[in-house]
Amino acid sequence: MLLLRLIRNEITKIIGKKRSLIGFAAIGVLMPVIMFAFSYHQSGFSSDFSRRSANIGGGLIMVGTPVNGYFITHLIMNFLWVHIPFLITLVAGDVIAGEGGAGTFRIYLTRPVSRLRIVISKLCASLLYTATVILFFAGLSLGMGILWHGTGDLVVMHKGILILSSHMVPWRFILSFTFAILVMWVVTALTFMFSSMVNNGIGPMIGAMAVIIVSFALTTIPLDIFEAIRPYLFTTYFDVWQKAFHDPIPWFNISKSLGILAVYTSGFIIISFWIFVRKDILT
Amino acid sequence: MRNLVRILTALVCSMYLSFLPAQTDVTSVREKLNTQFNKTKDFSVDVQLSLKMTAIRMPQKKIRVFFKQPDHVKIETNGFAMVPQYGLPLSPETLFRAVSDMILVTEPAPEDGTVRLMGDLQIRDEDRQIWNFSRKQRRALSIEVTVNTRLWVIKGYEIFRGEDKLIHVQTRYTEPENGIYLPEETVILIKVPEELSDYQPDFPFEEGISPQDGKVTLTFKNYRLNQGLDESLFLEGPE
Amino acid sequence: MSAPALEITGLHKSFGKLNVLNDLSLRVETGEVFGFLGPNGAGKSTTIRIILSLVKANSGSVNIFGRSIKKARHRSLIHTGAMIEKPDFYLYLSAEQNLKILASMTHTPYSRIDRVLDIVGLLHRKTDKVRKYSQGMKQRLGLAQAILNSPRLLVLDEPTNGLDPGGMKEVRDLIRRFSDDGITVFLSSHLLQEVEKVCTSMAIINEGYLIREGNVSALLSESSEQTVRIAADPIGKALALIEHLPDVIQAGIDEGHIRLIMPKEKIPSVISHLASQGVSIRSVIPQTTLEDYFLSITGNPPILQETV
């Protein structure tokens, strides 16, 4: 019960800060813009798509348009690589460091509540915020996409061109966004760890994004030495959300990826707990 | 005795010739094909499309095809589909327009009255919508068209580059409706394009079809003939 | 005999190579208003942060009402309220929301929030965001959160920081009120006049060492120096005569009186000398202030554990 109250406190603090709304505002503005852009330029996109695909089948032509709500949402999900993690770090980076910088630990940590409980509550609130952002992203993109552009078959690139029948798509999106939440929790945990180390909310944000971007960069350079370290970079397994759209769904591969991400998440969390419980509060 | 042999030879030849359509040269074959085809001014048909191809996976799709003489085609589908260009209804004359130096081949001897027309495929830019080959791909193409001389329909055709068979189209026809033979099922075999040739097939292939082929099957149902389709329906071309 | 409200034993703390606290020990009895003094950098804030478990000592122990903050943190802090330096709140939340967050951590009923806000005079502004508060209001809100859980020990670090004289008086009155209610107050301040006015006991630390500890009056009276205020006429002549005397530590005019600091045993001879030179002496009032005492003490090398 105390932990629930502490989590509620943290949620109150997160909601009260304007920076927490940035993620929702950004997504809320971006979605209608993208949807409108697709409806305005759909014929151009379809023509371009058809033109680019004209030789794909040799003797196959594209008829109709691949653009529908599912297609647009699937395309928008590519924001999960960098843009959404950035929005996540805005809050996760501030949840400990921000209080340190603001000096509020002097009234919060002098209460008869263990630091471990407090840091657990902060973590839970951060994870909840992350999940809420992803769910909002999912709901708005799918909802707007379906309302604005309807449903239909989904074209994805997996072992060439894979067209998923429309009735098979909704549950795949549920699966994909669930995986996306788990992936973003790794970002949350990483940023949370940095937040436990400093007293400035900006530092953890920049640190986490730097780690993510550098890791992605290393995975794209085709050198043997980078190939050797790829399995140890957690960003290597960030693509797990895409696998929900593969056919057949590679459950073993997904389980392995999620397992490895869980190890990284746990590691980040353990380190942040260890630091927070022991650190001297001097601000 | 010698006379008997001559008589028998003439009899056999006449019997043989009686099985052959009269005037089996290229021109007459083309004329007869056109005559049969022109019995249909326009039609619409529902098509079930299934595709089995390395690097392209698509669930079965239903499309609706509209045709109007001489070569207007429109395809409608819910959402979108990848449709084989070469299996669509095509007037014989539109097909033959791109073939040069056409010859009639009657060997091996026709069993069911089929003959083959062979020639070089010369594709002009304005025919690009019908023959989906880029300029680079148009070189050294040849075509072999199989004609059923009983029904006077094009049974199928194959496109080659040298010895390599690029496309194979085979059509089975329905029973005549008012003397009009309509495609019931068309099977198209297409070579996997170069861009996708690195992908390994992950499904078992049928015997006789190599992993580098793709198989598309079109099943035609619910024909509506000669409805008087307006040309404005075809203004945008295939959707 | 009940456990003292606060007992610090052998506290050591260093930050890297810097020793901030050196074997600090002190004891605060229940019901006292205990002043904790020292110059800047003496280790006062570090001591307070260790008491409140914001900072971990290298060695030593801190017990609050007999309970170790290391082994029984919850049970020791449940009876403690604190305000450390300038209180910082969640500026984007209202005073009421801030206190609700804190109250929820200790099962304190929300009805207590209005009570404490009323005590500090902020009830009418409880729904305003704290960012709109003045410094004085934030200071009072700091006191409100300190007494929110009805503590038995109140730890205040510079509670009058940033306040005007009126605000300072309000805080002093509140401290006296808390003390009257039986709350033990541990007060750290560099405003010695404030400490002198409210504290019953005190400790002085310097460079991490305890210099003096004991009852305020007793400590002040032990001082070998004395400050007196002399009402004399003519005051200019009196000052001129005093300034030339040996053993005078400090002499000056302060609000129409001569303020004189010198060894207490020499004062009678000074009065006599003034009278003999024709200066009319209207009054002589002894007035050794804590400030005088503090300055005299912290100017000396550190002396350990001298208790009165």
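Protein chains in written order, with numbering that gives the first Met the number 0: chain A, 0 to 282; chain B, 0 to 238; chain C, 0 to 307.
Every residue, glycine too, gets a C-beta built ideally from N, C-alpha and C.
CB contact check: residue i to chain A, cutoff 8 Å
i	result
B/Phe-159	no
B/Ala-21	With a pLDDT of 43 at B/Ala-21, under the threshold of 50, the modelled position of this residue cannot be trusted; read the value that follows with caution. False, the Cβ-Cβ gap to chain A never drops below 8 Å.
B/Thr-53	yes
B/Gly-178	no
B/Ala-80	yes
B/Pro-91	no
C/Pro-86	yes
C/His-11	no
C/His-73	yes
Simplified DSSP assignment, three categories, for residue i
i	result
B/Phe-66	strand
B/Val-144	strand
C/Phe-64	coil
C/Asn-18	strand
A/Ile-180	helix
C/Ser-103	coil
C/Ile-382	No answer is possible for residue 382 of chain C: the residues shown for chain C start at 0 and end at 307.
B/Leu-188	strand
B/Arg-223	strand
C/Asp-180	coil
B/Phe-132	coil
C/Thr-29	coil
B/Gln-252	Residue 252 of chain B falls outside the range modelled here, since chain B spans only 0 to 238, and no answer is possible.
A/Ile-274	helix
C/Pro-3	coil
B/Asp-212	strand
Minimum Cβ-Cβ distance from residue i to chain B less than 8 Å
i	result
A/Met-61	yes
A/Thr-64	yes
A/Gly-151	yes
A/Ile-253	no
A/Lys-242	no
Beta-carbon proximity of residue i to residue j, cut-off 8 Å
i	j	result
A/Gly-58	B/Pro-88	no
C/Val-27	C/Leu-10	no
B/Val-215	B/Ile-187	yes
C/Leu-147	C/Gly-80	yes
A/Gly-149	A/Ile-71	no
C/Leu-273	C/Val-227	no
B/Thr-218	B/Val-46	yes
A/His-157	A/Phe-244	yes
C/Val-313	C/Thr-45	Because residue 313 of chain C is not part of the residues shown, which for chain C are 0 to 307, the question remains open.
C/Leu-190	C/Ile-174	no
B/Thr-173	B/Leu-165	no
B/Ile-179	B/Thr-39	yes
C/Ala-2	C/Glu-206	no
A/Tyr-107	A/Val-185	no
CB contact below 8 Å: residue i versus chain C
i	result
A/Lys-16	yes
A/Ser-113	yes
A/Ile-106	yes
A/Thr-88	no
A/Lys-12	yes
A/Ile-95	no
A/Asp-279	yes
Nearest candidate by alpha-carbon position, reference residue i, set the options
i	options	result
A/Pro-203	A/Lys-12, A/Phe-85, A/Cys-123	A/Phe-85
B/Ile-55	A/Ile-162, A/Ile-6, A/Cys-123	A/Ile-162
A/Met-208	A/Ala-91, A/Ile-33, A/Ala-261, A/Arg-18	A/Ala-91
A/Leu-89	A/Gly-206, A/Trp-273, A/Phe-275	A/Gly-206
A/Ile-95	A/Leu-108, A/Lys-121, A/Leu-115, A/Thr-109	A/Lys-121
A/Ile-201	A/Trp-250, A/Ile-228, A/Gly-258, A/Ala-101	A/Ala-101
C/Thr-183	C/Glu-169, C/Gln-286, C/Gly-59, C/Ser-200	C/Ser-200
A/Met-183	A/Leu-139, A/Ala-36, A/Thr-129, A/Arg-171	A/Thr-129
A/Phe-104	C/Leu-101, C/Gly-37, C/Pro-38	C/Leu-101
Environment of residue i [buried if 16+ CB atoms lie within 10 Å]
i	result
B/Asp-212	buried
A/Ala-124	buried
A/Gly-99	buried
B/Val-28	buried
A/Trp-170	exposed
C/Ala-145	buried
C/Gly-165	exposed
beta-carbon residue i near the ligand MG non-hydrogen atom, thresh 7 Å
i	result
A/Glu-9	In the structure on display, the ligand MG does not appear, and there are no ligands present to speak of.
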